[in-house]
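Numbering (our numbering), first residue to last: 14 to 52.
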């Protein structure tokens, strides 16, 4: 098994991983901002 699986470019996998990582972090930052504004 090499870097490309199914002929898909590795960039797409990186984008999916980035979405999974950035999604929760953005939600966490939004919650932090809301808490900061509430206080």
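Yeah, the Cβ is synthetic: ideal placement off N, Cα and C, and Gly gets one too.
Annotation: residue 29 to residue 49 spans about 30 Å, alpha carbon to alpha carbon. Cβ neighbours of residue 51 within its own chain (closer than 8 Å, five residues either side excluded): none.
For residue 34, the enclosing alpha helix (DSSP H) begins and ends at 23 to 51.
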